[in-house]
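Note that this note's numbering gives residue 239 to position 239 of the sequence shown, counting from 1, and the numbers run on in steps of one. Each residue gets a CB set at the ideal place from its N, CA and C atoms; glycine is no exception. Here is the structure we will look at, set down as structure tokens.
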Amino acid sequence: MSMDGETIREFCPEGRLRAALNFGNGVLIGRDEAGRPRGITVDLAQALAARLGLAVDFVEMARAVDVSDTARSGVWDLCFLAVDPKRAETIAFSEPYVQIDGCYLAGPGCDAADAGALVASGAAVGTVVGSAYSLTLERQEGAERLVHFPDIHAMLAALDDGAVAAVAGIGAVMAREAAARPGARVLAPAFMSIRQAMGVPQGRPKAAAALRAFVDEAARSGLVGDILERHGVSRDCAVVPAS
1 MSMDGETIRE FCPEGRLRAA LNFGNGVLIG RDEAGRPRGI TVDLAQALAA
51 RLGLAVDFVE MARAVDVSDT ARSGVWDLCF LAVDPKRAET IAFSEPYVQI
101 DGCYLAGPGC DAADAGALVA SGAAVGTVVG SAYSLTLERQ EGAERLVHFP
151 DIHAMLAALD DGAVAAVAGI GAVMAREAAA RPGARVLAPA FMSIRQAMGV
201 PQGRPKAAAA LRAFVDEAAR SGLVGDILER HGVSRDCAVV PAS
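Spelled out as structure tokens, the structure:
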């Protein structure tokens, strides 16, 4: 994949690739022992920057909503978020590069046998405001019983205190939190499949087309799968175009 100068300037008007990192998604992003960003999104941003022939600067944000809410502010050139119609109003998304399940984590005091029973019970369910799973659950049955929290730490604290019967989040993260809480468990089936994609602010058509081409090539070449495996995620979660 090659990019002309006009496309690169549209992609990176400041002359460097400013990649927004959402630290609310522990599967895709974290920190190394020195506190530096590391993870799947970091590696993808660096791979794209190498194709552009530019350096990358990371714009660190605590939550997905912080990224989506700043799409029009000009503070970043590239983001990594789950595809959602509301977000697409301000962000031009690539095709998804990875698919991750969204699941409920039931607390020890919750007796729901599965996800359907939890919703039918009318129990309060915690979720993080502006997250992909919140946006999805707000459109589903039981939306009126959602309790929104500013971040995952506050949400899990509410679960531990018994303020909510269950919480919603990324399946792998919910499984990890369940293992640390005797009596807690992840409920089947998943309530959604989170399709994570890369995106640029709307209004950059050449950059958006180039990003779609990059993601397509990265998926077909196995680069995405290699990056997932490097960070402990099965390469089977990579979304590879059918043709």
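- In terms of Cβ geometry, Q202 and Y97 do not form a close pair [threshold 8 Å].
- Exposed is the label assigned to D32, since fewer than 16 other Cβ atoms lie within 10 Å of its Cβ.
- Looking at the DSSP output, H148 shares a beta bridge with T127.
- Assignment of beta-bridge partners to P182 by DSSP yields no partner.
- The three-state secondary structure of R36, taken from DSSP, is coil.
- In the DSSP assignment, L81 forms a beta bridge with A197.
- For the pair L44 and M155, the CB atoms are not nearer than the 8 Å cut-off.
- Of the residues E217, D57, E177, A219, the one whose Cα lies closest to the Cα of A157 is E177.
- Here the C-alpha atom of A50 lies approximately 25 Å from the C-alpha atom of G26.
- 8 Å or more divides the Cβ of G102 from the Cβ of G35.
- Per DSSP, the continuous beta strand (DSSP E) segment holding Y104 begins and ends at 98-106.
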